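Numbering (the numbering used here), first residue to last: 16 to 111. Even for Gly, the Cβ is constructed at its ideal location relative to N, Cα and C. A quick note: this is a predicted structure, and the numbers were derived from the prediction, not measured. Structure, as structure tokens:
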């Protein structure tokens, strides 16, 4: 079977990207503490309540809507933190 682009099954509001953030965190094994540490490393200070609220659905207590700009910021902070802790992130090439 050839690849077909899947249909867009949900409306995308760039000011409420929590559903996509949850999926990214699940696939990438990203915990709240990972996000907090990466943001602090980038000199971005977010409360634990806000970080936890990004993983909640609209209507849940403690929900904070996550914008697409915040999601990009979080992902870039995580990438930077991980690349600094990984030997391959220091510009070394793998011999594999």
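Out of the options, which one is the CA nearest neighbour of residue i?
i          : options        : result
residue 31 : 89, 91, 72     : 72
residue 29 : 90, 81, 46, 91 : 81
residue 79 : 27, 34, 44, 22 : 34
residue 39 : 87, 16, 56, 63 : 87
Quick one: is residue i buried, meaning 16 or more other Cβ sit within 10 Å of its Cβ, or exposed?
i          : result
residue 85 : buried
residue 93 : buried
residue 45 : buried
residue 89 : buried
residue 27 : exposed
Considering only the beta carbon of each residue, do residue i and residue j sit closer than 8 angstroms?
i          : j          : result
residue 54 : residue 61 : yes
residue 47 : residue 66 : yes
For residue i and residue j, which I take to be in contact (beta-carbon distance under 8 angstroms), what is that distance rounded to the nearest angstrom?
i          : j          : result
residue 96 : residue 52 : 7 angstroms
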